[in-house]
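>
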Amino acid sequence: MTNVQAPPVAALFLAVFDQRVGYTLAWKRTVPSDLDLSGVEYHSLPSGLHGVQSDVVYFIHDGQYAAVSAFAQEKADETHRNARFCAVGALVPLSYGKLGRSWLYAPELRRLAREYLSNPNDMRSLELFWTKHKQGSKSDARSSSPTEHRGSVNANLKRKRGLSDATPVLGLDATTAADHPSLYMSSLLDSFGPLIFPLHRAALLRKRILLLGAPPLQRNCSAVYILSILSNLPAASTELLQPNTEAIHRSHPLFSIGINDIPALTSNVDKAGYIATSTDDILGEKHQLYDILVELTPGESGSKRRWPRLRTSDGKIIKATQRDLRRYRRLRSELRQLRLARNRYRDEASDNDNDNATDVNEQAPLIRTDSLLNHSPTTEPLTNGEHEVVEPPTWTAIAYTSLMFWATYGSAEATAAADGETNFDASLLEDLPDLHDALSNSTTLPPSSAKNDDAAQMEEAQETATVLTAYFHRLTDRIVQALAEIVAEADDETETGVEEDAIVISGEEVRGMGLDGSSEGDREFVRGMMELYFGREAKVAEGEGVWVCGVRVC
């Protein structure tokens with residue numbers, strides 16, 4: 003079992019609010035000594051943070067460093083406006099991944115922030131941390147390759163064992179801390195529901211995506227991290243693209259941004275996309291800075307559920323498709339049954355003698371997908387306000403489905419049509435036995451610890467993160483692979499050496515990508531993917547429609 007090593011620290015700083023000069027750095031150490039820390043105090047203390055007792059903020063500094071900052075506050079007298087707060091932050095090289103594994107320092111930084119508030123005149127703890135973790139220190143015997151980029155496997159093997167690929171992507175192992183952003187993945191799925199799919203598609207198109215919401219920032223920054231991981235192209239997909247597309251193989255997360263970042267975002271107009279979050283509402287009014295605005299909503303008690311709202315820079319509301327809704331329900335059901343199966347295993351394992359505990363654990367159950375897909379969630383009525391975030395069925399789709407049902411009722415064609423969508427979704431979650439292998443380097447809950455709620459929740463979060471990452475990477479791979487085959491087939495039908503100017507894609511081919519051929523949003527997505535990743539123009543058919551006596555009626 004290999005531990006994930008914490009990265010070397012390039013800078014450590016203490017940000018406070020001074021009554022006379024405002025936000026300032028009260029203490030700092032850097033390697034090299036002239037490392038510019040301009041702006042880290044504003045990133046570490048974004049607006050609205052005073053509304054929570056503690057938080058963790060992630061951001062990118064100077065395009066070279068990932069930053070993690072721990073915020074803490076405590077009550078104070080009126081001279082300090084009844085509250086004193088600070089943030090202790092660290093910079094680590096981005097060469098170690100999207101966040102440079104910076105989350106591994108979050109617990110220590112929280113402790114340092116609390117100790118400073120207890121005794122503002124004592125900087126010894128900060129000095130000790132710096133001496134231990136700074137770049138070039140004796141303890142800086144760390145791996146040189148980033149966790150997120152580790153591992154290279156044959157493309158065919160990657161398609162088959164997508165779950166096993168997810169673990170090195172996430173960097174989950176025995177030292178995974180509770181602060182690892184990917185462990186929020188289950189919560190993200192619950193929060194966004196079927197909207198996770200149009201958001202994933204927007205990220206694949208490398209749109210500029212801004213998540214706007216109130217603290218806690220750790221939750222919002224984790225959403226940025228997860229979306230960036232889910233929208234990275236798997237290695238199998240990148241092999242199908244031209245060499246000059248490397249810049250768009252991976253998403254570009256900025257994490258927390260604020261008003262001070264407006265000049266940089268303005269200069270980025272019409273350039274590479276990004277994914278970021280902010281608590282500054284004014285950024286939502288700067289329509290030129292983003293393509294997609296995600297308005298996050300706080301959790302509420304009661305039966306009325308509030309979903310995030312997605313809209314374009316020109317105000318168009320983005321909703322999930324009917325296909326997304328069915329896919330979401332099936333995915334949610336799969337995860338629920340996986341959780342129940344794991345819980346049953348824990349209960350059975352805890353009944354065994356401690357002498358046999360290790361043997362039982364090594365024989366973890368092989369959960370087969372086909373045993374979990376004996377039901378269909380597609381007939382559930384809309385609940386919890388889902389009608390507010392899901393496109394209504396189009397008349398064309400309703401008429402086509404009804405006509406096909408009566409025309410082919412009981413036939414092999416009808417059965418194939420009904421099973422096609424279910425089989426596609428099942429294929430994205432096949433080989434669930436690989437889950438045990440995928441987590442072989444991660445924290446495995448022994449039977450003797452089955453009653454340890456924290457450990458059980460950690461394992462469950464790791465399993466969910468692994469499954470969801472593999473799921474979305476497989477979905478991406480299916481889309482890219484289908485487009486590559488369409489391009490190759492179109493060019494094969496032309497004269498040798500001549501490319502087809504505009505490639506026609508049928509509604510059946512759109513559905514074969516797991517998309518909704520009757521949704522204009524999905525058709526636009528296919529056109530965008532074809533242009534971005536293959537540099538080709540595509541004409542996407544508007545579904546099959548309904549024809550009577552050779553005349554299209556809808």
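Residue 3 is where the sequence shown starts when you use my numbering, and the numbers rise one by one after that.
Glycine included, every Cβ here is placed at the ideal spot set by N, Cα and C.
#1: Could one say the Cβ of Asp493 lies closer than 7 Å to chain D's Cβ atoms, at least one of them?
#2: Check this for me: beta carbons of Ile277 and Ser239, under 7 Å apart or not?
#3: Could you check which residue in Phe536, Arg538 and Gly530 has the C-alpha nearest to that of Leu207?
#4: I think Leu229 touches Ala205, with their Cβ atoms under 8 Å apart; what is that distance to the nearest whole Å?
#5: Note down, one range per segment and in chain order, each alpha helix (DSSP H) of at least 4 residues found wholly within the region 238–325.
#6: Using 8 Å as the cut-off, can you tell me whether the region 51–70 makes contact with the region 211–220, which would need three or more C-beta pairs spanning the two stretches below that distance?
#7: Starting from Ser56 and walking both ways along the beta strand (DSSP E), at which residues does that stretch end?
#8: Can you tell me whether Gly387 is helix, strand or coil according to DSSP?
#9: Go through its chain and collect everything with a Cβ distance to Phe559's Cβ below 6 Å, but skip five positions before and after it.
#10: Take Thr299 as the anchor and find which of Arg538, Thr314, Thr281 and Asp316 has the nearest alpha-carbon.
#11: Assuming Leu212 and Tyr292 form a contact by the criterion Cβ under 8 Å, report the distance between their Cβ atoms to the nearest whole angstrom.
#12: Contact check, His63 vs Leu93 under 8 Å by CB: the rounded distance?
#13: Helix, strand or coil for Asp493, going by three-state DSSP, please let me know.
#14: Only counting the same chain, and skipping five residues up and downstream in sequence, which positions put a Cβ closer than 6 Å to that of Leu441?
#15: Between the alpha carbons of Lys136 and Pro10, how many angstroms are there, rounded?
#16: My output table needs one value for Ser46: the three-state DSSP class, helix, strand or coil.
#17: With respect to the beta strand (DSSP E) encompassing Tyr227, which residues constitute its N-terminal and C-terminal limits?
#18: What three-state label does DSSP hand Asp20 in the structure shown?
#19: Looking only at its chain, what residues have a beta carbon closer than 7 Å to the beta carbon of Pro245, apart from the 5 residues adjacent to it on each side?
#20: Measuring CB to CB, does Asp20 end up less than 7 Å from Pro196?
#21: Spell out a yes or no on whether the region 311–328 and the region 180–200 are touching, meaning 3 or more CB-CB pairs, one atom from each, closer than 8 Å.
#22: By a C-beta neighbour count over all protein chains shown, 10 Å radius and 16 as the cutoff for buried, is Gly65 buried or exposed?
#23: What did DSSP end up calling Glu539 once you bin it into helix, strand or coil?
#24: With which residues is Glu2 paired in a DSSP beta bridge?
#25: Is the separation between the beta-carbon of Val42 and that of Phe73 shorter than 7 Å?
#26: Apart from the five residues on each side of it in sequence, which residues of its chain come closer than 7 Å, Cβ to Cβ, to Gly138?
#27: Tell me, please, which residues DSSP counts as bridged to Tyr67.
#28: Pull up the distance between the alpha-carbon of Met460 and that of Glu129, whole angstroms please.
#29: Between which two residues does the beta strand (DSSP E) carrying Leu114 extend?
Taking the structure as given:
#1: Note that chain D does not occur in the displayed structure, where there is just one protein chain.
#2: The residue given as residue 277 occupies position 275 in the sequence shown. The residue given as residue 239 occupies position 237 in the sequence shown. No, they are not a contact pair.
#3: Position 205 of the sequence shown, counting from 1, holds the residue named residue 207. Comparing Cα-Cα distances from Leu207 to each of Phe536, Arg538 and Gly530, the minimum goes to Gly530.
#4: Taking the sequence shown and counting its residues from 1, one reaches residue 229 at position 227. Taking the sequence shown and counting its residues from 1, one reaches residue 205 at position 203. Contact annotation, Leu229 with Ala205: C-beta distance approximately 5 Å; criterion of less than 8 Å satisfied.
#5: Here the runs fully enclosed are 264–269 and 284–287.
#6: yes
#7: Along the sequence shown, read from residue 1 onward, the residue named residue 56 stands at position 54. Taken as a continuous stretch (DSSP letters only), the beta strand (DSSP E) holding Ser56 covers Ser56 to His63.
#8: In the sequence shown, residue 387 corresponds to position 385, counting from 1. Secondary structure of Gly387 (DSSP, three-state): coil.
#9: Residue coverage of the chain in this structure runs from 3 to 556, which leaves residue 559 outside it and unanswerable.
#10: Walking along the sequence shown from the start, residue 299 turns up at place 297. The candidate whose alpha carbon is nearest that of Thr299 is Thr281.
#11: Numbered from 1 along the sequence shown, position 210 holds the residue referred to as residue 212. Numbered from 1 along the sequence shown, position 290 holds the residue referred to as residue 292. Between Tyr292 and Leu212 the Cβ distance is about 4 Å, and since that is below 8 Å, they are a contact.
#12: As a first step, residue 63 is located in the sequence shown; it is residue number 61 there, counting from the start. As a first step, residue 93 is located in the sequence shown; it is residue number 91 there, counting from the start. Taking a contact as a CB-CB distance under 8 Å, the pair His63 and Leu93 counts as one, their CB atoms being some 6 Å apart.
#13: One-based indexing of the sequence shown puts residue 493 at position 491. Reduced to three states, the DSSP call for Asp493 is helix.
#14: Residue mapping note: residue 441 aligns to position 439 of the sequence shown, counting from 1. Interpretation of Leu441 is limited by its pLDDT of 45, a score under 50 that renders its predicted location unreliable; the figure taken from the coordinates is listed afterwards. Nothing meets the Cβ criterion.
#15: Position 134 of the sequence shown, counting from 1, holds the residue named residue 136. Position 8 of the sequence shown, counting from 1, holds the residue named residue 10. Roughly 6 Å between the two C-alpha positions.
#16: In the sequence shown, counting from the first residue as 1, residue 46 sits at position 44. Reduced to three states, the DSSP call for Ser46 is helix.
#17: Here residue 227 is taken as the residue at index 225 of the sequence shown, counted from 1. That residue, Tyr227, is in no beta strand (DSSP E); its alpha helix (DSSP H) goes Leu219 to Leu232.
#18: For this step, residue 20 is matched to residue 18 along the sequence shown. Strand at Asp20.
#19: Here residue 245 is taken as the residue at index 243 of the sequence shown, counted from 1. Taken in chain order, the list of residues that qualify is empty.
#20: Here residue 20 refers to the residue found at position 18 when the sequence shown is read from its first residue. Here residue 196 refers to the residue found at position 194 when the sequence shown is read from its first residue. No, these two residues do not count as a Cβ contact at 7 Å.
#21: yes
#22: Locating residue 65 in the sequence shown gives position 63, counting from the first residue. Label assigned to Gly65: exposed.
#23: To locate residue 539, count along the sequence shown from 1; it is residue 537. Glu539 falls in the strand class under three-state DSSP.
#24: Beyond the ends of the chain as shown, which are 3 and 556, falls residue 2; an answer cannot be given.
#25: Here the question's residue 42 lines up with position 40 in the sequence shown. Here the question's residue 73 lines up with position 71 in the sequence shown. Not in contact: Val42 and Phe73 (Cβ atoms no closer than 7 Å).
#26: Locating residue 138 in the sequence shown gives position 136, counting from the first residue. Excluding residues within five positions, the ones whose Cβ falls inside 7 Å are Val33.
#27: Within the sequence shown, residue 67 is the residue found at index 65, counting from 1. For Tyr67, which the question treats as bridged, DSSP gives the partners His63 and Pro95.
#28: Taking the sequence shown and counting its residues from 1, the one referred to as residue 460 is at position 458. Taking the sequence shown and counting its residues from 1, the one referred to as residue 129 is at position 127. Going from the Cα of Met460 to the Cα of Glu129 covers about 32 Å.
#29: By one-based count along the sequence shown, residue 114 stands at place 112. Note, Leu114: premise wrong, no beta strand (DSSP E); alpha helix (DSSP H) at Ala108 to Ser120.
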